[in-house]
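**Student:** Under numbering that gives the first Met the number 0, the first residue of the sequence shown is numbered 0, with each subsequent residue one higher.
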Amino acid sequence: MKVTTSCSGRFHIFDQARELERRGVLHRLINDYPKWMTRRWNIPDGKVDSLVANGLLGRLARLTPRYLNHRQQSGFVRQHHDWFSRRVARHLSVDSDVFIGLSSFCLQAVHCAKQQGIVAIVDHGSLHMRSERQLLLEESERLGISLDTDLPPDWIVEKEEEEFERADHVLVLSHAAKRSMVDNGLAESKIFVNPCGVDLVLFRKSEKRDTVFRIIQCSGIHPRKGVQYMMQAFSELKLPNSELWFVGGGLEHSALRPMIDRHRTASIRFLGAVPQSELRELYSQCSVFVLPSIVDGFGMVVPQAMACGLPVIVSENVGAADVIQDGEDGYIVPIRDVEALKQKLLLLYEDRSRLEGMGRAAHAKANAQLGWEAYGDRLVRFLKQSVQRSSVR
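#1: Identify which residue in G318, S286, E280, M305 has its Cα closest to the Cα of F297.
#2: If we call anything under 9 angstroms between Cβ atoms a contact, is G329 one with M357?
#3: Quick one: give me the first and last residue of the beta strand (DSSP E) that F288 is part of.
#4: The beta strand (DSSP E) that contains Q387, what's its start and end?
#5: Taking only runs of the beta strand (DSSP E) that begin and end inside the segment 253-302, which ones reach a length of at least 3 residues, in chain order?
#6: Spell out the partners DSSP gives D246 in its beta bridges.
#7: Do you know offhand how far Q114's Cα is from I190's?
#8: Name the one or two DSSP bridge partners that S241 has.
#9: Closest by CA to E242, which one among V287, E187, L25?
#10: Buried or exposed: where does W371 fall if 16 or more other Cβ atoms within 10 Å of its Cβ makes it buried?
#11: Per the contact definition of three or more C-beta pairs closer than 8 angstroms, is the segment 245-256 in contact with the segment 342-361?
#12: Using C-beta distances below 6 angstroms, list every residue in its chain close to L67, excluding the 5 sequence neighbours before and after it, in chain order.
#13: How would you label V197, buried or exposed, when you count the other beta carbons within 10 angstroms and need 16 or more for buried?
#14: How big is the Cα-Cα spacing for V47 and E161?
#15: When the distance is taken between beta carbons, is F104 closer than 9 angstroms to S7?
#16: How would you label D182, buried or exposed, when you count the other beta carbons within 10 angstroms and need 16 or more for buried?
#17: Count the other C-beta atoms from every protein chain shown that fall within 10 angstroms of the C-beta of S326, then say buried if there are 16 or more, exposed otherwise.
#18: What ranges does the beta strand (DSSP E) occupy inside the segment 78-134, keeping only unbroken runs of at least 3 residues that lie completely in it?
#19: Residues in the same chain with beta-carbon distance under 8 angstroms from Q387, minus the five sequence neighbours each way, listed in chain order, please.
#20: Using alpha carbons as the reference points, say which of A16, K224, L236 lies closest to V294.
#21: Quick check on DSSP: helix, strand or coil for K158?
#22: Please classify N183: does DSSP put it in a helix, a strand, or coil?
#23: By DSSP, does G329 sit in helix, in strand, or in coil?
#24: Is DSSP giving R27 helix, strand or coil here?
#25: From which residue to which residue does the beta strand (DSSP E) around S352 run?
#26: Output the distance between the C-alpha atoms of Y348 and T210, rounded to the nearest integer angstrom.
#27: Please state whether DSSP places I400 in a helix, a strand or coil.
#28: Contact between the segment 262-276 and the segment 90-104 is defined here as three or more beta-carbon pairs at a separation below 8 angstroms; is this criterion met?
#29: In whole angstroms, give me the CA-to-CA distance for R65 and H252.
#30: Helix, strand or coil for F202? Go by DSSP, reduced to three states.
#31: Return helix, strand or coil for D48, following the three-state DSSP convention.
#32: Mapping the DSSP letters down to three states, classify N68 as helix, strand or coil.
#33: For the alpha helix (DSSP H) that contains L170, what are its first and last residues?
#34: Go through its chain and collect everything with a Cβ distance to E280's Cβ below 8 angstroms, but skip five positions before and after it.
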């Protein structure tokens with residue numbers, strides 16, 4: 000079996016390509032980074048097609064909000080997506096058995112793969128964009144702030160839906176994402192759920208150096224990540240000897256900045272964006288990890304925190320809820336439910352034996368079940384079955 004995969008920008012597909020290479024089935028990786036970067040994932044140069052010009056255009060697209068209005072920026076981003084899609088189609092190896100493309104970046108390549116008799120698969124990392132848009136519109140109304148620039152434009156929703164329709168299969172990272180796909184008309188039989196893994200060498204448990212009950216949330220400082228509900232829950236609890244750490248960028252331009260400035264105290268710290276290599280030490284100095292997102296296709300930070308020995312609290316819309324056994328290694332709460340967040344945090348604060356026991360359970364599960372190796376095994380089994388089914392049609 001020969002698998003060609005593609006992506007624009009950094010995404011779990013690089014980890015996916017590494018796992019395919021480990022199993023001897025990676026044929027080509029088409030991406031927009033120079034080869035010196037893909038070497039980090041141990042992908043041989045000879046198997047990499049680097050569309051570096053597309054990468055430069057993509058980085059320029061991320062800078063355009065400073066200079067263009069929203070409509071102009073959307074048009075620029077659309078050109079970037081379409082150009083990458085067309086170039087991937089031209090680089091697609093006709094002797095591949097499977098093509099995997101990142102959603103909104105692979106329409107033309109999916110069409111080309113189908114013409115060549117190649118199994119075509121779209122990898123989608125979030126909820127269906129229509130579901131995501133509805134949740135963000137609801138949040139905008141609840142908060143009384145505009146999130147218009149964060150809503151997926153019509154063209155990207157329609158392009159992804161065409162990709163889903165044309166493809167043989169759609170890969171998603173969680174059952175929350177799968178439900179959103181089915182809710183928006185995609186046949187359940189086309190969808191394969193495969194949760195992301197965690198690098199168990201990089202993320203491992205180390206000793207906590209103090210007795211502070213410290214809560215950590217790793218995410219962008221954005222309403223979609225439920226930052227507003229986490230701040231409210233912590234502020235209302237007023238727990239002695241406690242802290243709340245937010246790790247992630249976006250504070251300067253966040254629509255939540257006025258609310259954050261009103262409620263911020265010395266016990267609430269915003270640490271900004273942190274390299275992956277430094278996250279382990281931050282996790283290890285905390286007591287519990289929380290991600291109360293309104294919308295989150297997976298949340299790779301969840302298994303990372305578990306691998307570092309933290310119990311986790313996530314909302315039902317965080318895809319990584321799939322890897323949590325509620326009440327054993329973490330808790331799953333409804334979205335926007337401040338009282339539920341407070342209840343679970345207070346329970347762990349007051350019962351340190353429970354806190355420690357759930358942390359041990361999270362650590363054990365991560366090491367036994369949540370590594371990238373398990374992800375790769377599930378993926379390759381699915382791909383082989385897909386090729387076999389295709390060959391008998």
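In this text, a Cβ means the ideal position worked out from N, Cα and C, and glycines have one as well.
Predicted model, so just to flag it, every value in this text is computed and none were measured.
**Tutor:** The short version:
#1: G318
#2: yes
#3: 287-290
#4: Per DSSP, Q387 belongs to no beta strand (DSSP E); it is in the alpha helix (DSSP H), 371-390.
#5: 267-271, 287-290
#6: Before going further, note that residue 246 is Val rather than Asp in the sequence given. Per DSSP, C217, G271.
#7: 21 angstroms
#8: F212
#9: V287
#10: buried
#11: no
#12: Summary for L67: the model assigns pLDDT 45, below 50, so the residue's position carries little reliability; its value from the coordinates is reported in the next sentence. Excluding sequence neighbours, L67 sits near nothing in its chain.
#13: buried
#14: 27 angstroms
#15: yes
#16: exposed
#17: According to the sequence as given, residue 326 is Gly; it is not Ser. With fewer than 16 other Cβ atoms within 10 Å, it is exposed.
#18: 97-101, 118-122
#19: none
#20: K224
#21: helix
#22: coil
#23: strand
#24: strand
#25: Where S352 is concerned, there is no enclosing beta strand (DSSP E), although the alpha helix (DSSP H) it sits in stretches over 351-368.
#26: 11 angstroms
#27: This structure cannot settle anything about residue 400, because the visible part of the chain is limited to 0 through 392.
#28: no
#29: Bear in mind that a pLDDT of 47 at R65, under 50, signals an unreliable position, so the model cannot answer this.
#30: coil
#31: strand
#32: The predicted model places N68 with a pLDDT of 49, which falls under 50 and marks its position as unreliable, so this point remains unresolved.
#33: Where L170 is concerned, there is no enclosing alpha helix (DSSP H), although the beta strand (DSSP E) it sits in stretches over 168-171.
#34: S205
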